[in-house]
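S.K.: Heads up: the sequence shown begins at 1 in full-length UniProt numbering, then just goes up one per residue. Just so it is clear, CB atoms sit at the ideal spot from N, CA and C, and this is done for glycine as well. Here the structure is a predicted model, which is why all the values come from computation and not from measurement. So that we are looking at the same thing, I have put the structure below in structure tokens.
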Amino acid sequence: MATTNVQQKQRRSSGGKVGGPSRSYPRGVGVDFRKVSGLTLLNYIDHQGVKIRTDAPQGELAVAVARHFEQMEIDEEECIGGFLERLEQPTGITDYMRKTAFFDGHAPSLEVRKRKRLAARPGEQVAAKVTRTDENGSWILASVQRFYPDSETYDVQDEDDTSKLIRLPWTHVMRLSNGTEGNFVKDKDCMAIFPETTSFYRSKVSKNPVWVMDRNGIPMVKEIIVKFEDDEDSQGRTPNRRVPARYVIPIPADYFYEEADDVDLSLAGIKA
């Protein structure tokens, strides 16, 4: 591989200072929201409609929540009285939920229900596309913090930089392989994590994967041998590289393929 290509594929550094100024934490707030998890802060921000940039780090989220909380005017007697009233009338909660629940009269489409059912779970490692371009290496290893079914978006954290949350559409997130799918054969186009990085790069399967039995007797593939694009050595040869099957993913066009988008081009689909 050429030296410049090696340098371009080095592991992205973490722990650097996050850009953008951060407002100071308000002194008048007794609750320290900086000790609250990022997921809880996002729930508060979404529920209260707090305006904040999508790539804000957790510290900035805490400051935004604290400042919003500080400005809220609350009648303590009214809150306590309302709470006690709810306890005395259990059915009131159900009535309240029925009155405030949103339903537009249309059930979610089959595609939406399918995506919700197959969505990655919180804490799960995924491949995430964090750039607007399709440049090589734009997909990175990340972990899911939350999936929003209504908007079909994810909050994810870069595995190399956990200081901020990134909100992405569902088309920018792929679940990783468990080794049992059998999606890859020789000459199949794919993307894989380049050694010693956390980025996925375009590649091609160079050998048919070897299937083995796991301890439960289930056939699986543990590693896949690929050749990466732009990975030539000084003599112009592209080496075979072994990558754990978990970190080899399909190209986006294959992963997000929907049968419903197909056009029937057979004669049977042509009406006389």
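Let me confirm a value: residue 158 is counted as buried when at least 16 other C-beta atoms fall within 10 Å, else exposed. Which label applies?
M.R.: Stepping through the sequence shown from its first residue, residue 158 is reached at position 158. Buried, because 16 or more other Cβ atoms sit within 10 Å of the Cβ of residue 158.
S.K.: Please classify residue 25: does DSSP put it in a helix, a strand, or coil?
M.R.: As a position in the sequence shown, residue 25 is number 25, starting the count at 1. In the structure shown, residue 25 adopts coil according to DSSP, grouped into three states.
S.K.: From the DSSP output, in three-state form, read off residue 124 for me.
M.R.: Position 124 of the sequence shown, counted from the start, is the residue given in the question as residue 124. In the structure shown, residue 124 sits in coil (DSSP, three-state: anything other than H, G, I, E or B).
S.K.: Could you please give the first and the last residue of the uninterrupted alpha helix (DSSP H) stretch that includes residue 60?
M.R.: Residue 60 sits at position 60 when you count from the first residue of the sequence shown. Run containing residue 60: 58 to 71, per the alpha helix (DSSP H) assignment.
S.K.: By the DSSP assignment, the beta strand (DSSP E) with residue 142 in it spans what residues?
M.R.: Looking up residue 142 in the sequence shown gives position 142. Here the beta strand (DSSP E) through residue 142 covers 139 to 148.
S.K.: Whole angstroms is fine: what's the gap from residue 130's alpha carbon to residue 63's?
M.R.: Within the sequence shown, residue 130 is the residue found at index 130, counting from 1. Within the sequence shown, residue 63 is the residue found at index 63, counting from 1. Taking the CA atoms as reference points, residue 130 sits about 25 Å from residue 63.
S.K.: Flag this pair as yes or no: are the beta carbons of residue 155 and residue 146 separated by less than 8 Å?
M.R.: If you number the sequence shown from 1, residue 155 lands on position 155. If you number the sequence shown from 1, residue 146 lands on position 146. Result yes, Cβ atoms of residue 155 and residue 146 sit closer than 8 Å.
S.K.: With 16 as the cutoff for other CB atoms within 10 Å, does residue 164 come out buried or exposed?
M.R.: For this step, residue 164 is matched to residue 164 along the sequence shown. Flag for residue 164 reads buried.
S.K.: In the DSSP assignment, find the unbroken beta strand (DSSP E) run with residue 157 in it and report its ends.
M.R.: If you number the sequence shown from 1, residue 157 lands on position 157. Unbroken beta strand (DSSP E) run through residue 157: 153 to 158.
S.K.: Would you kindly work out how many angstroms separate the C-alpha atoms of residue 74 and residue 38, rounded to a whole number?
M.R.: The count along the sequence shown starts at 1 and reaches residue 74 at position 74. The count along the sequence shown starts at 1 and reaches residue 38 at position 38. Rounded to whole angstroms, residue 74 to residue 38 spans 25 Å at the Cα level.
S.K.: Output needed for residue 189: all residues of its chain with C-beta closer than 7 Å, excluding positions within five of it in sequence on either side, in chain order.
M.R.: Stepping through the sequence shown from its first residue, residue 189 is reached at position 189. Counting only Cβ-Cβ distances below 7 Å, and skipping sequence neighbours, we find 204 and 251.
S.K.: For residue 248, I'd like the list of residues in its chain whose CB is within less than 6 Å of its CB, leaving aside the five on either flank, ordered along the chain.
M.R.: Within the sequence shown, residue 248 is the residue found at index 248, counting from 1. Excluding sequence neighbours, residue 248 sits near 190, 192 and 224.
S.K.: When you compare each of 58, 82, 168 and 66 to residue 132 by their alpha carbons, which one comes out closest?
M.R.: If you number the sequence shown from 1, residue 132 lands on position 132. The option with the nearest alpha carbon to residue 132 is 168.
S.K.: State the DSSP-derived secondary structure class of residue 316, mapped to helix, strand or coil.
M.R.: As shown, the chain starts at 1 and ends at 272. That puts residue 316 outside it, with no answer to give.
S.K.: How is the beta strand (DSSP E) around residue 119 delimited, first residue to last?
M.R.: In the sequence shown, the residue the question calls residue 119 occupies position 119. Unbroken run through residue 119: none, as it is neither H nor E.
S.K.: Within a Cβ cutoff of 8 Å, which residues of the same chain sit near residue 31, ignoring the five residues on either side of it in sequence?
M.R.: Residue mapping note: residue 31 aligns to position 31 of the sequence shown, counting from 1. 66 and 69.
S.K.: So, residue 218 versus residue 162, is the Cβ gap smaller than 8 Å?
M.R.: As a first step, residue 218 is located in the sequence shown; it is residue number 218 there, counting from the start. As a first step, residue 162 is located in the sequence shown; it is residue number 162 there, counting from the start. No, these two residues do not count as a Cβ contact at 8 Å.
S.K.: Please report how far the alpha carbon of residue 186 lies from the alpha carbon of residue 149, in whole angstroms.
M.R.: Counting from one through the sequence shown, the residue named residue 186 turns up at place 186. Counting from one through the sequence shown, the residue named residue 149 turns up at place 149. So the two alpha carbons sit approximately 36 Å from each other.
S.K.: Along the chain, where does the alpha helix (DSSP H) that runs through residue 134 open and close?
M.R.: On the sequence shown, position 134 is the one that residue 134 refers to. Unbroken run through residue 134: none, as it is neither H nor E.
S.K.: If you drop the 5 nearest sequence neighbours on each side, which residues of the same chain put their C-beta closer than 8 Å to that of residue 256?
M.R.: Within the sequence shown, numbered from 1, the residue matching residue 256 stands at position 256. For residue 256, where only same-chain residues beyond five positions count, the Cβ hits under 8 Å are 171.
S.K.: In chain order, what residues of the same chain have a beta carbon less than 8 Å from the beta carbon of residue 79, not counting five sequence neighbours either side?
M.R.: Along the sequence shown, one-based indexing puts residue 79 at 79. Within the same chain, residue 79 has no close Cβ partners at all.
S.K.: Just to confirm, is the Cβ distance from residue 253 to residue 200 under 8 Å?
M.R.: Counting from one through the sequence shown, the residue named residue 253 turns up at place 253. Counting from one through the sequence shown, the residue named residue 200 turns up at place 200. No.
S.K.: Grab the span of the alpha helix (DSSP H) containing residue 250 for me, first residue to last.
M.R.: The residue labelled residue 250 in the question sits at position 250 within the sequence shown. DSSP places residue 250 outside any alpha helix (DSSP H), giving it a letter other than H or E.
S.K.: To the nearest angstrom, report how far apart residue 55 and residue 61 are at their CA atoms.
M.R.: Counting from 1 along the sequence shown, the entry for residue 55 is found at position 55. Counting from 1 along the sequence shown, the entry for residue 61 is found at position 61. Computed Cα separation, rounded: 10 Å.
S.K.: Who are residue 169's beta bridge partners in DSSP?
M.R.: For the purposes of this step, residue 169 is taken as the residue at position 169 of the sequence shown. Paired residue(s): 153.
S.K.: Is DSSP giving residue 78 helix, strand or coil here?
M.R.: Here residue 78 refers to the residue found at position 78 of the sequence shown. Taken through DSSP and simplified to helix, strand or coil, residue 78 comes out as helix.
S.K.: DSSP state of residue 200, grouped into three classes?
M.R.: Here the question's residue 200 lines up with position 200 in the sequence shown. Here residue 200 carries a strand assignment [DSSP, helix/strand/coil].
S.K.: Give me the residue from 235, 221, 206 and 234 with the minimum Cα distance to residue 241.
M.R.: Mapped onto the sequence shown, residue 241 falls at position 241. Residue 241 has its Cα closest to that of 206, out of 235, 221, 206 and 234.
S.K.: Assuming contact is defined by CB atoms lying nearer than 8 Å, are residue 239 and residue 222 in contact in what I supplied?
M.R.: Walking along the sequence shown from the start, residue 239 turns up at place 239. Walking along the sequence shown from the start, residue 222 turns up at place 222. No, the pair does not count as a contact, with Cβ atoms beyond the cut-off.
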